[in-house]
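Visitor: Numbering (my numbering), first residue to last: 7 to 85.
I have a structure I would like to understand better, so I am pasting it below and will then ask my questions one at a time.
Laid out in structure tokens, this is it:
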């Protein structure tokens, strides 16, 4: 089951601004395809799209509006 984590490279400096899982673009339990946008993460003033690393059923592990850090587990994919 592939993990979906917040990428470390969203932060451009060592001074890490607040980051929030802004919203889910796909509902929990929905089928997704590889490369499909599934969530939006806000880091400081920038909004970043998170895409599915593989196809499968999305199981979210974090609610929208949650605070996130680099490497935070936000969802899992199951076959």
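Ideal placement from N, C-alpha and C gives every residue a C-beta, glycine not left out.
(1) State the Cα-Cα distance for the pair residue 67 and residue 23, rounded to the nearest angstrom.
(2) If we call anything under 8 Å between Cβ atoms a contact, is residue 45 one with residue 31?
(3) Rank 29, 43, 77, 57 by C-alpha distance to the C-alpha of residue 71 and give the top, closest one.
(4) Alpha carbon to alpha carbon, how far is residue 65 from residue 33?
(5) Flag this pair as yes or no: are the beta carbons of residue 16 and residue 49 separated by less than 8 Å?
(6) Identify every residue that forms a DSSP beta bridge with residue 47.
(7) So, at 7 Å on beta carbons, what are the nonlocal neighbours of residue 7 in its own chain, with the 5 sequence-adjacent residues on each side left out?
(8) Considering only C-alpha positions, which residue in the set 9, 18, 14, 10 is nearest to residue 51?
Guide: This is what the structure gives:
(1) The sequence position of residue 67 within the chain shown is 61, counting from 1. The sequence position of residue 23 within the chain shown is 17, counting from 1. Going by the C-alpha atoms only, they are around 22 Å apart.
(2) Looking up residue 45 in the chain shown gives position 39. Looking up residue 31 in the chain shown gives position 25. Against a cut-off of 8 Å, the Cβ pair of residue 31 and residue 45 comes out as a contact.
(3) Your numbering for residue 71 matches position 65 in the chain shown. Cα-wise, what sits closest to residue 71 is 29.
(4) The residue given as residue 65 occupies position 59 in the chain shown. The residue given as residue 33 occupies position 27 in the chain shown. Taking the Cα positions, residue 65 is about 9 Å away from residue 33.
(5) Here residue 16 corresponds to residue number 10 of the chain shown, with the count starting at 1. Here residue 49 corresponds to residue number 43 of the chain shown, with the count starting at 1. Result yes, Cβ atoms of residue 16 and residue 49 sit closer than 8 Å.
(6) For the purposes of this step, residue 47 is taken as residue 41 along the chain shown, with counting starting at 1. Beta-bridge pairing links residue 47 to 27, 54.
(7) Along the chain shown, one-based indexing puts residue 7 at 1. Residues of the same chain with a CB within less than 7 Å of the CB of residue 7, apart from the 5 flanking positions on each side, are 82, 83, 84 in chain order.
(8) Translated into positions along the chain shown, residue 51 becomes position 45. Looking at the Cα atoms, 18 is the closest of the given residues.
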